[in-house]
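Worksheet: one structure, shown below.
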Amino acid sequence: MEYIIEMLNIRKEFPGIVANDNITLQVKPGEIHALLGENGAGKSTLMSVLFGLYKPEAGEIRVRGKRVNITDPNVANALGIGMVHQHFKLVHNFTVTENIILGQEPTERGRINIKKAAKDIKKLSETYGLEVDPYAIIEDITVGMQQRVEILKMLYRNAEILIFDEPTAALTPQEIAELMEIMRRLVEEGKSIILITHKLKEIKEVADRCTIIRRGKYIDTVDVATTSEEKLASLMVGREVSFKVEKDKAKPRENVLRISDLVVRDSRGLKAVDGLNLEINAGEILGIAGVDGNGQTELLEAISGLRKVEEGKIELLGKDITNMHVRNRTETGIGHIPQDRHKHGLVLDFKLSENLILQTYYKEPYSKNGLLNDAAINEKAQELIDEFDVRSGQGINTMTRAMSGGNQQKAIIAREVDRSPALLIAGQPTRGLDVGAIEFIHKKLIEERDKGRAVLLVSLELDEIMNVSDRIAVIFEGKIVGIVEAEKATERQLGLMMAGSTHDKEEGDM
Amino acid sequence: MLKFITDEKNQRFIVPLVSVFLGFIAGAIIMMITGINPIEGYRALIKGVVGNPRRFGEWIVASTPLILSGLAIAFGLRTGVFNIGVEGQLIAGSFAAAAVGILIELPRFIHLPMVMLAAAIAGALWGLIPGFLKAKFKVHEVVVGIMLNYTALHLVNYAIKILPGSTNTKTVDIFESANLSSKFLSSITKHSRLHWGFIIAFLGALIFWYIIERTTFGYELRSVGFNPHASEYAGMKVERNIVYSMMISGAFAGLAGAMISVGTFNYARVIGGFEGYGLDGIAVALLGNNGGLGILISGFLFGALKAGSSAMALAKVPKEIAEIIMAFIVLFAAMNYGIKRLILYLRKEEK
Amino acid sequence: PEKEEPKAPEQEEPKATEEEKQEEPKKEATEDFKVGFVTDTGGIDDRSFNQGTWEGIVKYAEEKGWTEGTEYQYIQSNEEADYIPNLSAFGDDNYNLVIAAGFLFEKAMKEVPPQYPNTNFAIIDAIVEQPNVASVTFAEEQGSFLVGVAAAKTTKTKKVGFVGGMDFPLIRHFHAGFAAGVHSVDPSIEIVDQYAGAFDNPGTGQQIASTMYEQGVDVIYHAAGGTGNGVINEAKNRVSNGENVWVIGVDKNQYADGIYDKENNKSVVLTSMMKRVDVAAYNIIEAAQKGEFPGGKVTALTLADDGVGIPKENPNLSDDIIKTINEYKEKIVKGEITVPNNMEDLKAFEENLK
Amino acid sequence: MDFMQFISIIIPLMLTSAAPIISSSIGGLFSERSGVFNIGLEGLMMVGAFTAATVTVLVESSLGPISPWIGMLAGIITGGLFSVIHAYVSINLRADQVISGTAINLLGAGLTIYLCEIIFNQQRTVAFMNGIKKDDIPVLSDIPLLGNLLFKKVHITSYMIILIAILVWYIVYKTPFGLRLRAVGEHPGAADSMGINVYKMRYIGVILSGMFAGLGGGIMVLTQDIQYTYATIHGTGFIALAALIFGKWHPLGVVGAGIFFGFSQALGIIAYQIPFLAELPQEFFWAFPYVLTVIALVAFSGKSVGPRAAGKPYEKGER
Ligand SMILES: Nc1ncnc2c1ncn2[C@@H]1O[C@H](COP(=O)(O)OP(=O)(O)OP(=O)(O)O)[C@@H](O)[C@H]1O
Ligand SMILES: Nc1ncnc2c1ncn2[C@@H]1O[C@H](COP(=O)(O)OP(=O)(O)OP(=O)(O)O)[C@@H](O)[C@H]1O
Ligand SMILES: [Mg+2]
Ligand SMILES: [Mg+2]
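Protein chains in written order, with our numbering: chain A, 1 to 510; chain B, 511 to 861; chain C, 862 to 1215; chain D, 1216 to 1534.
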């Protein structure tokens, strides 16, 4: 058996779009096979076909050489195919165990035998080094742990062929490294893996072969070891891409934001930010590096006014904004690209034009005497989508919900940058986006810096932090444990600081 | 014709129209199954609505409160609250209008606006309670709304009795200067009770559309309704806006109540149970697509069914048939996905 | 009284009192006489005044060989707001006589008739002064007095109950008359009373009845329409648990509603306070057709003309009790007792008893 | 009225009015736990009550005392059948569930009375003789003190429904069916990817809600009324909806909420018999249970969130 999975000439259409057009994918047993493509290239669709969520219009699927008809996920499960979805499919208020056994519950006289299930899961997690607490509730655990739950779901069902759809988008560097390790171990145990990702580095690191698709079409299947990152990238986007973020040296000016002894509690009432001090100047990008859950979210929310400050002081342009209402902060000079674009960034049921004035709708010329001025709104919206290359079906009249994630993000950036705020907060601005979009967003952040704004960048991706920032502050347990010049920072040094060792100590270590 | 029906642009009103059509077909089928001639039934209905000028006037009278309660429900739905408390707010508004109409006498041009204002304020205040509790304590507005409906019913029954001159069943008549009735309207419709309230319903629909679609305030309310988190992020006062939504919705409900006390009756009555205007409002709002114009039209449609059902009963069709037809119309409106699929299918055939 | 409810099989034949003498030949020269009836929201089978009125109309119509839809007809009101349009609808169609029952029609009966001077109107339970409106009222307090006597003679616990629907002056007639009757027999009997706030809430009726019975009340008189269903239901419950409790029905003979043992035709309904709206309706039509329509006048129906009273058959009342009832009836008819019809008069009446 | 008497009066009253509320509320729980709002409980109760009354009337001459139970069974079945409309429209046709529920309410009210007119030629059913009677619960009523207070002269249906609620708790929280039902209501996409048939689970949820609402209607008419009329259900479906939210979508919470409603309603009745309270206007007593509920809601406020996916139609492949 040469191939464990063969998807031959698959075609899948959605109203108005051919998501998969004659795509072929052949996976060898025991390999990690990467599936690479831009946003919207059709990767998730192809995998959904394999997993039985969609029915293809044409093409055939063979599993272990036998032609199969995968009509629903049950069939896929039975064939030993498991999938970790791009957006986790976990029930937020169920325990880890409940999520894993759902649909295949071990019972004892009609009652779920939860103890046995938990024990099985514990054993399974030890076998593969996937540490989880079987009784923890999903919403209380980290994203990384949620992902382990997703993987355990597959293993619990004895999946042989594991599909990972963009598994690293939401993970911290440590978690990514762990995941890579896990994948290798899985392959050693005899599993085969299909890995979907935008991140070339990850492909280079773990994948054996890589299939590239572009705009729904099959491009090529290559051996990863013998193909350079540059080559992969150009196959993916169809042109040359540069990875270096082009920027001049920062010319920092006056202070814009000063945070002193800040204490902020998280939703559970624990001190998430605990005596934090930080300063940012005009004309520089300050990156905050740190493992997820060390107070980044709470810090951003405190600065932008979405969360109450317990103690300490925040000054913007010399003004105390500690207890100011969101609206006043915005007007004083904050632009905010929120981490969660669907929750905070957009009103998905508004038209694009309406979302583009979300911060300014009450001001002239968009509003006059309490009335909306459509002409002015539309004009502005058109100007922004042209300038920021926001693409969508019906232009400014598109329902925002119907737009792709990358374009939604561009719309938010357009709106926030356009107000020329003294301080631009960017919370994970490129999460889940493809290289093209990432490139664009980085360019915009640097442009803003060069215009003399202070940019506060929070990202879980160390590469992004190191490439874009001028200075890097490392956050650990709600405190800034050290600040380093980006140019001089090394990944190893930052990694150690993120793990809690202080600047000094780290120097000593070296 | 087929082209018109299948045109994407026209779906917004084709779907409701098809629902109405299918609703009447379903009503006809029920009549047939139960041995009643539907043609006779519908002839009676039409006669009952436009058979003579008086009936025409009564049709409008019946539609007026429905339109306003539809607007009340729709305002809530458009701004993210489910105001099931319209019934109670309507009762409160109905009482307040009557009270102001009874307790003071003023020139009509001041008195009448005062009466309307009182009704709107009473409805708004009764709406404020669930709004405030939702905003402040995260208590579900549906439960509070249901509870406050009963509370309004009983407290208003009590309040009516303590107004000067009231009997245990109703208040005295409202001063001439405070009621909406019009000799002129009544005379052109052959003594119907047609009153100026329909103007208020039209104005209500216009104001509704204007607030929701045209004003900055409406933009904020819709934003909060769709996504409170993003609205907070954008610097809006989410809690305050929830309260405003409920209050404005309640104000529409209060006006609907005024239509009944100072329009239809000219006095306030002790009632033994709900008269269902609030629930009818849900149907009106839903069929009207939660839009000002749509609600006007669906309000008149349901008003026709109500006003005409007595005439149907005269033709020996149980009057409940009107309610059944209403139910089917709402059901078909709910099926708009199915209807759209049907239209899509028609479109394919066409090609 | 008032609105709603009960249903049930055979009711006593509506009897038009005096009319039996003058049986008229069928299909007599009616030259187009048309009678319309507007119900309140209860409908023609409300087991109460709407049903009674309609039965009177139907009886008359059948004697004349009329057909429903041509010579006589009813419209049911969906809600209170329909009263005026429904009365007008008959006016528009040039009906000769339009009848409505219930004091809630009072206002509508003031407004509609002036617009239809060629149509006669009749209202039952309220008084309207219009030249083309005849008003019919009932001395409910007199009938209630008699059932009060029955209750007083029946109670073992010396505690009886009254359940009203809504607290309307009309319902106070029942209340006051009942209390007067009870205390005329035995002033030491305690009367527990409560209004339910609705004529259509059997659950509340049941709860009130349960509370009363639990406190030792053993006879309850209800004047509460559908709410009274709950009272009857509670009594059935208790009787089948071996308790000895009774209900007194209202408006019509409710004996059938209280049957808990069909074989032996046993019912919890002790007796009923009947209000002969059927007779009233019958008489009005007859008068109108004869050209003797009492427009602008009030016809007060009392015990004297059997407008109110208890049923002919009272299986649950002993002959002894019936005898006592008849004695009181005599006194009321003769004017020796003036039965109070509101709480103030009741107070005075009870003072007198001492 | 001394305290013991007060208690012994109020408990049976409370249990009687709580039973239909709890039953329908549990119906709502099944539906909403599966992800489908059901504001049509009122209409479903009407259908159940109408059928229960009609069947009882039709069979009682031949079947005697067991006829109300047959009637109740019929109510459960028609409630279930009627709810298929709601299921089809909101699950297959992805209708707005509030609209569909509203239609069910209108339809239930209209159709039942319409059918009364067709079947009985009047706007209500004929009265039945054999309702469900209050009775002593065997054995339990012999327990000293407690037996007297709790188990004497009560409707057995009240205890039946409380036992059912406990069973429902077990099913919803301890069995694979329950786990799947809740998963479908919280995250249908997750359930789907685990091979659970979302549509099937939702159908089951909605049909169970119809059956329980039908049972609630049947209990209501057979214990509190003597026939079905337009007023038999007067708003109890909405109270049940409130109880569902108040009880935080939990079977035992729902029992608590139902008993609370029953208690405060009965208190409103009994308070009038307490001398010094009787001075107050009666309307205050009638409003009392509802005001009390609002106060309780505020007192016990906190996040009361329903199933996350409730109200949202499920489309395969949606993200
Ligand atoms: N449910 C759907 N309905 C309609 N069109 C869809 C649907 N899902 C995907 N598409 C279309 O198919 C195309 C491929 O989408 P898909 O999600 O497979 O892309 P992808 O390669 O996984 O992108 P990403 O990297 O962002 O995950 C999209 O551009 C979109 O237009
Ligand atoms: N359920 C759907 N129905 C209709 N169109 C859809 C659906 N899902 C996605 N699309 C379409 O697919 C396109 C791409 O969607 P997708 O979510 O894959 O975007 P993306 O570019 O991959 O962004 P991201 O990866 O950041 O989410 C969008 O333009 C959208 O119109
Ligand atoms: Mg995507
Ligand atoms: Mg994807």
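Built from N, CA and C at the ideal position, the CB exists for glycine as well.
Continuous beta strand (DSSP E) stretch holding residue i: start and end
| i | result |
| --- | --- |
| A/Val256 | 255-265 |
| A/Arg35 | According to the sequence displayed, residue 35 of chain A carries Leu and not Arg. That run of the beta strand (DSSP E) goes 32-36. |
| B/Arg750 | It is not in any beta strand (DSSP E) - B/Arg750 instead sits in the alpha helix (DSSP H) that spans 748-768. |
Inter-residue CB distance, residue i and residue j (contact presumed, cutoff 8 Å)
| i | j | result |
| --- | --- | --- |
| A/Val96 | A/Asp120 | Not really, about 12 Å apart at Cβ, beyond 8 Å. |
| B/Lys680 | B/Ala778 | 7 Å |
| A/Val84 | A/Glu150 | 4 Å |
CA-to-CA distance, residue j to residue i, given in whole angstroms
| i | j | result |
| --- | --- | --- |
| A/Met466 | A/Ile472 | 8 Å |
| B/Ala628 | C/Glu1205 | 37 Å |
| A/Leu352 | B/Tyr668 | 52 Å |
| D/Gln1220 | D/Leu1482 | 13 Å |
| C/Pro1155 | C/Glu1147 | 11 Å |
| C/Ile1052 | C/Val1078 | 8 Å |
| D/Pro1227 | C/Glu1075 | 11 Å |
| A/Leu46 | A/Ile10 | 8 Å |
| C/Lys1195 | C/Glu1188 | 11 Å |
| B/Ser542 | A/His92 | At residue 542 of chain B the sequence reads Met, which differs from the Ser that was named. Distance between the alpha carbons of B/Met542 and A/His92: 51 Å. |
Beta carbon proximity, residue i to chain B, threshold 8 Å
| i | result |
| --- | --- |
| A/Phe350 | yes |
| C/Gln1068 | no |
| C/Ser938 | yes |
| A/Ser367 | yes |
| C/Glu941 | yes |
CB contact below 8 Å: residue i versus chain C
| i | result |
| --- | --- |
| D/Met1344 | yes |
| B/Ser579 | no |
| B/Thr677 | yes |
| B/Arg576 | With the sequence shown as reference, residue 576 of chain B is identified as Leu, and Arg is not the correct amino acid for it. No, its Cβ sits nowhere closer than 8 Å to a Cβ of chain C. |
C-beta neighbour in chain A for residue i, strict 8 Å
| i | result |
| --- | --- |
| B/Phe727 | yes |
| D/Lys1527 | no |
| B/Phe534 | no |
| B/Ala607 | no |
| D/Asp1357 | no |
Chain D within 8 Å of residue i, Cβ atoms only
| i | result |
| --- | --- |
| C/Tyr944 | no |
| B/Ala563 | Sequence check: residue 563 of chain B is Pro here, not Ala. So, not an interface residue. |
| C/Ile1050 | no |
Exposure of residue i, with buried meaning 16 or more beta-carbon neighbours within 10 Å
| i | result |
| --- | --- |
| A/Phe14 | exposed |
| D/Arg1417 | buried |
| C/Glu889 | Low confidence applies here, because C/Glu889 scores a pLDDT of 42, under 50, leaving its location unreliable; read the following figure in that light. So C/Glu889 ends up on the exposed side. |
| C/Ala869 | Residue confidence for C/Ala869 is low, a pLDDT of 39 falling below 50, so the modelled location carries little weight and cannot support an answer. |
| B/Glu833 | buried |
Span of the alpha helix (DSSP H) around residue i
| i | result |
| --- | --- |
| A/Gln26 | A/Gln26 -> not in any alpha helix (DSSP H); beta strand (DSSP E) instead, spanning 17-27. |
| B/Ser573 | 563-588 |
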